[in-house]
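Start counting the sequence shown at 1497; every next residue gets the next number (my numbering).
Just so it is clear, CB atoms sit at the ideal spot from N, CA and C, and this is done for glycine as well.
Written out below as structure tokens is the structure these notes cover.
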Amino acid sequence: MPLRLDIKRRLTARSDRVKSVDLHPTEPWMVISLYSGGVVVWNHESQTMVKTFEMCELPVRVARFVARKHWIIAGADDMQIRVFNYNTLERVHMFEAHSDYIRCIAVHPTQPYILSSSDDMLIKLWDWDRKWTCSQVFEGHTHYVMQVVFNPKDNNQFASASLDRTIKVWQLGSRTPNFTLEGHEKGVNCIDYYSGGDKPYLISGADDCLVKIWDYQNKTCVQTLEGHVQNVTCVSFHPGLPIILTGSEDGTVRVWHSNTYRLENTLNYGMERVWCICGQPGSNSVALGYDEGSIIIKLGREEPAMSMDSSGKIMWARHSEVQQANLKAMGETEVRDGERLQLGVKDMGSCEIYPQTIQHSPNGRFVMVCGDGEYIIYTAMALRNKSFGPAQEFVWAHDSSQYAVREGNSLVKVFKNFKAKKSFKPDFGAEGIFGGFLLGVRSNSGLAFYDWENAELVRRIEIQPKHIFWSDSGELLCIATDESFFVLRYLPEKVAAAMESKENMTEDGIEGAFEVLGEIPESVKTGVWVGDCFMYTNSVNRLNYYVGGEIITIAHMDRTMYLLGYIPKDDRLYLGDKELNVVSYSLLLSVLEYQTAVMRRDFGTADKVLPTIPKEQRTRVANFLEKQGFRQQALAVSTDPEHKFELALHLGELEIAHQLALEAESEQKWKQLAELATAKCQFSLAQECLNHAQDYGGLLLLATASGNTHMVGKLAEGAERTGKTNVAFLTYFMQGRLDKCLDLLIKTDRLPEAAFLARTYLPSHVSRVVNLWKESLSKVNPKAADALADPAHYGNLFPGLQQAVLAEQYLKETHVGVRAAAEYPLIMPNEERKVLEESAGFVSEEAVSEPEEVVKSMDESFIVAAAAAEPPEAASAAAAEEPIPLKQEITDPVSTTEEETVTSAASPLPVTVTPEHVEQQKQGDSASAEVPASEPEVAAMRDDTIAALEEEEEAASAEEDTSEGSAVDVTPKEPEIAQSGPVEAVTSSAQGHVQEMSPGAEAASVSERRVTEATTENVVATQEAAEDVVFTAGDADEMPVYDELEKDVISFQAPSNIDTAAAAGKGTPVTKELVSEAAASAVAVEELIFFEDTDSSALDVPVQVKVVPEFALDPLLDPLEDPMPAIKPESAQAPGEGGGGQATGKHEADPEPPALPRPGPEGDEEPAEELEVEMHNEVLDDLDLDNFDLEDIDTTDVDLDDDFLSE
């Protein structure tokens, strides 16, 4: 029978004439040299050209790989040998090797040598370790030396072919050839050695169209192959298959059997003349070079002829020799996964045919060898012939008594007990057969399963399988195709019932014969079933097994391996490669049994098997359980802390996860557990986890979301201590601790940011930070440092800074540290607040803390005279002007998001005043200004002051229109700045009245504040009217009078009682401040109702608030609007045009209201206790906090001017 070789073309690369080809031993590369002068590398797997080398313009006749050096060595007709690195494409070396065309290069398999032959009739040996020196020259041929080749069995020997019609065999180190073979009638073009160990053969091809096989030991020609009709250009012994390949200029490649020398096949691909052939050890690929390009073909099967029985005996064929190895002989030798097993090999003898497949029977008693179109069944023990016959394929049934063979493409024979039982021709032909519990036949239309007993059709499936694997129980099978594999369940009961009843039978067989369990998109090379687990190797050299729809990887292999089988007692899986090496991998039978029981839902068996599984394998079992959906069981089985932690998170087992996190001390685990604890509202656990993870961002989120102020405070300190400055800054900022924010920026050398933060929130610190910034910047860029302006020296460049300082102090003193979350709807957002307007007219508590001795030391007579001389116009200007804030303190930005709290009893409450009431107030102020002074010196000073101010009256009116709530810069060159007499006079006058008209013993803090603010406002207004000057923050260094004014105006404290008549004679300030004190804002009422954590004693007593309807504020909509505006009259009325001044607003009664002064006819005073009782009773009459509603408050019956001024 002819040799059955499947020949497939794998690559066709069109190009110019190819003079040589070579295959890389490890990479899927083929290098070709072209007659046009180039060298090209092709990838035969991807079918692409990957590298190109331009050598010269002359033909390159040879190119070879040197894999151990990553080189390509090429010889051309320019007599040069070039060496290139095929990774970097750089030329490593080039030298002139011969004086004529270079025909061939041979690379020594182990030494750093190459041989080159040339048309100069010489052979040279080159040593690349000695800088490519020529070690030896071999002379003897009398014509062109066409090819040289090393002997694979003796690397120090090589042979050469020449056009002088001889073949010479040489020895390295000898100048003369060992011997010469003669027999060809024309020039010899090519030679090759046989690589097998059984024959010392040499093959040659010549221009006489003959191929001769030589025995180089006997120096005789043993065979001549005839068939080519033109010059034979290339010959080759295949390194693995028993074939000889020869190529000729007739365009054909002929395949000869190396044992019988029979012509097996002739290949003609129509690409003109054949010039070269190259085989590759360990591969069935062969490269061919033609005039029009190159081709790679694949011959036969790549899978080695190996088989293993259930007891561990392995048989394989090395060429025609059959050998055996027994795994039992290894004894207790330690075996590592993936390592080659050192097996003792036993020669079983020579086979009459060339084995292409070897397969043990299911019981292991027999072994079948198939090849050359025949099969032989041997006994496994002694390799005795049991049966034989013609067959293209041979398969065993599920028992050893039956087998089937395929003869040709249409006939299948079934044998039982080595006798033919039945022959049949499948309807669609037979291109392949498969054994197992059913006989499978592949055809063009698909796969058909037949019953072994009567060869009846069971089921036809439209699929083109490569392999079919049956489980030992016959219940499961795997059908592998080129791209995927299918797992099916065979249902023999339904098949038997259908065959008996002849029901459900169609032309495609029995419909319910198989049940599809799954499809896996992987290409299976070899496979074997162990229980319900399918072991297989795939196309990417992975060893996997499939169970329950899941794929588990056992190992990644570095080369193609083929499964031999599984030995349960060893708990190991065995594989072999093309070189007949055997390796193994551990796979516990108990694990497979457990997984099989779980897949069958036999949990009783699974529980029994579990204790037998070693602990190191429990994690693999747990992974399997998890993928099957049994996470709770997986958590109990797993021993891997990482896996257990993941399972505990999935199952929500916080205690287990917490314990595992404590053991692992992993930041990532703490974060994961914190997330789960937060989702389950276990905030204390979440806080602990975040602390362990040092996750300050998470802690900040948790603290703010839960309203834990104590936690926020600790977080700020911890973040700063550990260097988490971003979190520390944000936490301090949320707490309103702006001084800490500023210090943090300075500490981290973020001085520009610190300067901008100070300018925005802490204007009183701007100068200090700017100085630090300048000092730091001067070390790098002195010019840039000098360009920074300090507000202490360049006040004109910082407009509004003083107002910002006042706003800072205002926010600091009115800030509420902590509020309940329920109050959020009642608090005005920061973006809606107008802090500069809120702080207008505000005077800090620190501004009125100067000792009383300083106040008494003032010149009373001068102050009285200056105050008496103040005209009505000056009074109007004073009413329109706002005080200039001069004290700077650190404030808290959080207060900008909160309502102002009710301060102490001494703190004045804001009032909202409408323009109509301001007009009425101005009329009252004008009338009060006409009251004559009782003291003669006051009248005299008044006349002098009026005369001094008449010249600046017009300027004062213009100043009134433009200076509301703002300041205008005045240059220090104006002479009026130094003349501060009128201002001092007014200040002293106001202070003098305060000292003269009050005993001070029963003074209340509210009265003191009213007098202080009234006098301050009067002084500022009088100063503007008299001097027409307004000062900015930048002028402090150049105006000493202003410094004195600051001290005088801000730092004095008024006594308790005031002469109302005298105050009325000086203008509007006293009256206006009484009105503003009596009218409480909506904000203050709201604070009394809702906010409890304040220091004011006024909150202890409920109050009745009366509101003028048209001016009442809705505390829910706008609780902070204009809490403390300055009352600014538009113009002063004539004395006779208006009556007494009036102002209405919300009035807040203090728990212990202070006594207010009331002037009598001769200046004697009414006791303050009567006024206190009267106000207290009036406030508490209608007080009902249970039914309190701001909209129902009526203030129409309150007339502060009538109540307090008319008596």
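To the nearest angstrom, report how far apart residue 2622 and residue 2252 are at their CA atoms.
Here residue 2622 refers to the residue found at position 1126 of the sequence shown. Here residue 2252 refers to the residue found at position 756 of the sequence shown. Note on residue 2622: pLDDT 39, under 50, position unreliable in the model; the coordinate value appears next. For the pair residue 2622 and residue 2252, the Cα-to-Cα distance works out to about 30 Å.
Three-state class that DSSP yields for residue 1538 in the structure shown
In the sequence shown, residue 1538 corresponds to position 42, counting from 1. Of the three classes helix, strand and coil, the one that applies to residue 1538 here is strand, per DSSP.
Would residue 1571 and residue 1602 qualify as a contact pair, given that the criterion is a beta-carbon distance under 8 Å?
By one-based count along the sequence shown, residue 1571 stands at place 75. By one-based count along the sequence shown, residue 1602 stands at place 106. No, Cβ-Cβ distance for residue 1571 and residue 1602 is not below 8 Å.
From the DSSP output, which residues share a beta bridge with residue 1742?
Against the sequence shown, residue 1742 aligns to sequence position 246. In DSSP, residue 1742 forms a bridge with 1731 and 1750.
Given 7 Å as the limit, tell me if residue 1904 has its C-beta closer than that to any heavy atom belonging to the ligand NAP.
The ligand NAP is not part of the structure shown, which contains no ligands of any sort.
Let me know the secondary structure DSSP gives residue 1564 once reduced to three states.
For the purposes of this step, residue 1564 is identified with residue 68 of the sequence shown, where counting begins at 1. DSSP, reduced to helix, strand and coil, places residue 1564 within a helical segment of the structure shown.
Got a sec? Which residues, its chain only, sit under 6 Å from residue 2052 by beta carbon, not counting five neighbours each side?
Residue 2052 sits at position 556 when you count from the first residue of the sequence shown. Around residue 2052, the same chain offers 2038 as residues with beta carbons nearer than 6 Å, after the five sequence neighbours per side are excluded.
Per the DSSP calculation, residue 1761 is bridged to which residue(s)?
Taking the sequence shown and counting its residues from 1, one reaches residue 1761 at position 265. Looking at the DSSP output, residue 1761 sits in a beta bridge with 1751.
For residue 1981, which residues of its own chain have a beta-carbon under 6 Å away from its beta-carbon, when the five flanking residues on both sides are left out?
For the purposes of this step, residue 1981 is taken as residue 485 along the sequence shown, with counting starting at 1. Same-chain partners within the cutoff: 1974, 2016 and 2020.
Can you tell which of 1785, 1738, 1831 and 2090 has the C-alpha that lies nearest to the C-alpha of residue 1815?
Here residue 1815 corresponds to residue number 319 of the sequence shown, with the count starting at 1. In terms of Cα proximity to residue 1815, the closest of 1785, 1738, 1831 and 2090 is 1738.
Closest to residue 1989 by CA distance: which of 1954, 1810, 1517 and 1967 is it?
The residue given as residue 1989 occupies position 493 in the sequence shown. The option with the nearest alpha carbon to residue 1989 is 1954.
Under DSSP, the beta strand (DSSP E) around residue 2031 begins and ends at which residues?
On the sequence shown, position 535 is the one that residue 2031 refers to. Following the DSSP letters along the chain, one finds residue 2031 inside the beta strand (DSSP E) bounded by residues 2029-2034.
Selected residue, minimal CA-CA separation from residue 1672, among 1722, 1689 and 1618
For the purposes of this step, residue 1672 is taken as residue 176 along the sequence shown, with counting starting at 1. In terms of CA proximity to residue 1672, 1618 leads the group 1722, 1689 and 1618.
Taking a contact to mean a Cβ-Cβ separation below 8 Å, would you say residue 1591 touches residue 1567 in this structure?
Numbered from 1 along the sequence shown, position 95 holds the residue referred to as residue 1591. Numbered from 1 along the sequence shown, position 71 holds the residue referred to as residue 1567. No, the Cβ-Cβ distance between residue 1591 and residue 1567 is not below 8 Å.
Could you pull out every residue in the same chain whose Cβ sits closer than 8 Å to the Cβ of residue 1678, ignoring the five residues on either side in sequence?
Along the sequence shown, read from residue 1 onward, the residue named residue 1678 stands at position 182. Setting aside the 5 residues that flank it on each side, residue 1678 is surrounded in the same chain by 1661, 1662 and 1663, each with a C-beta closer than 8 Å to its C-beta; the list follows chain order.
Residues bridged to residue 1867 by DSSP?
Counted from its first residue, the sequence shown places residue 1867 at position 371. 1870, per the DSSP bridge assignment.
Assumed close pair residue 1900, residue 1911 - CB separation to whole angstroms, cut-off 8 Å:
Taking the sequence shown and counting its residues from 1, the one referred to as residue 1900 is at position 404. Taking the sequence shown and counting its residues from 1, the one referred to as residue 1911 is at position 415. So it is a contact: roughly 7 Å between Cβ atoms.
For my contact list, residue 2134 and residue 2115 are in at a C-beta cut-off of 8 Å; report their separation, rounded to the angstrom.
For the purposes of this step, residue 2134 is taken as residue 638 along the sequence shown, with counting starting at 1. For the purposes of this step, residue 2115 is taken as residue 619 along the sequence shown, with counting starting at 1. The pair is a contact, with the Cβ atoms about 5 Å apart (cut-off 8 Å).
Name the residue from 1563, 2078, 2105 and 2081 whose alpha carbon lies nearest to the alpha carbon of residue 2091.
By one-based count along the sequence shown, residue 2091 stands at place 595. Out of 1563, 2078, 2105 and 2081, 2105 has the C-alpha closest to the C-alpha of residue 2091.
With distances taken Cα to Cα, identify the nearest neighbour of residue 1621 among 1613, 1614 and 1632.
In the sequence shown, counting from the first residue as 1, residue 1621 sits at position 125. Ranking the options by Cα distance to residue 1621, first place goes to 1632.
From the DSSP output, in three-state form, read off residue 1726 for me.
Residue mapping note: residue 1726 aligns to position 230 of the sequence shown, counting from 1. Here residue 1726 sits in coil by DSSP.
Just curious, the alpha helix (DSSP H) that residue 2197 is in, first and last residue?
The sequence position of residue 2197 within the sequence shown is 701, counting from 1. It spans 2192-2202 - the alpha helix (DSSP H) in which residue 2197 sits, taken as one unbroken run.
Taking only the alpha-carbon atoms, compute the straight-line gap between residue 2239 and residue 2250 and give it to the nearest angstrom.
Counting from 1 along the sequence shown, the entry for residue 2239 is found at position 743. Counting from 1 along the sequence shown, the entry for residue 2250 is found at position 754. Taking the straight line from one Cα to the other gives about 8 Å.
Spatial neighbours of residue 2265 within its chain, please: CB distance less than 6 Å, with the 5 preceding and 5 following residues excluded, ordered by chain position.
For the purposes of this step, residue 2265 is taken as the residue at position 769 of the sequence shown. Excluding residues within five positions, the ones whose Cβ falls inside 6 Å are 2250, 2251 and 2254.
Quick check on residue 1646: does DSSP put it in helix, strand or coil?
Reading the sequence shown from its first residue, position 150 is the one you call residue 1646. Strand, per DSSP.
If you run the structure through DSSP and keep just helix, strand and coil, what is residue 2114?
Taking the first residue of the sequence shown as 1, we reach residue 2114 at position 618. When DSSP states are grouped into helix, strand and coil, residue 2114 belongs to the helix group.
From the DSSP secondary-structure annotation, give me the bridge partner or partners of residue 2040.
Here residue 2040 corresponds to residue number 544 of the sequence shown, with the count starting at 1. Paired residue(s): 2032 and 2049.
For residue 2184, three-class secondary structure by DSSP:
Mapped onto the sequence shown, residue 2184 falls at position 688. In the three-state DSSP reduction, residue 2184 falls in the helix class (H, G or I).
Extent of the continuous beta strand (DSSP E) run through residue 1676:
By 1-based counting over the sequence shown, the position of residue 1676 is 180. Going by DSSP, residue 1676 is part of the beta strand (DSSP E) stretching over 1675-1678.
Under three-state DSSP, which class holds residue 1812?
The residue given as residue 1812 occupies position 316 in the sequence shown. Correct three-state label for residue 1812: strand.
Would DSSP call residue 2019 helix, strand or coil?
Position 523 of the sequence shown, counted from the start, is the residue given in the question as residue 2019. Correct three-state label for residue 2019: coil.
Nearest to residue 1797 by alpha carbon, out of 2071, 1826 and 1781?
Within the sequence shown, numbered from 1, the residue matching residue 1797 stands at position 301. Proximity to residue 1797 across 2071, 1826 and 1781 peaks at 1781, based on C-alpha coordinates.
Between the Cα of residue 1789 and those of 2180, 1516, 2170 and 2246, spot the shortest distance and give me the residue it belongs to.
Counted from its first residue, the sequence shown places residue 1789 at position 293. The candidate whose alpha carbon is nearest that of residue 1789 is 1516.
Just to check my reading of the structure: residue 2080 and residue 1841 have Cβ atoms closer than 8 Å, yes? What is that Cβ distance to the nearest angstrom?
For the purposes of this step, residue 2080 is taken as residue 584 along the sequence shown, with counting starting at 1. For the purposes of this step, residue 1841 is taken as residue 345 along the sequence shown, with counting starting at 1. In fact, because the Cβ distance is near 17 Å, the residues do not count as touching under 8 Å.
How do the region 1938-1950 and the region 1959-1975 stand: do at least 3 beta-carbon pairs fall below 8 Å, yes or no?
The region 1938-1950 vs the region 1959-1975: in contact.
For the putative contact between residue 1682 and residue 1704, defined by C-beta atoms under 8 Å, what is the C-beta separation to the nearest angstrom?
Here residue 1682 refers to the residue found at position 186 of the sequence shown. Here residue 1704 refers to the residue found at position 208 of the sequence shown. Confirmed, Cβ separation roughly 4 Å.
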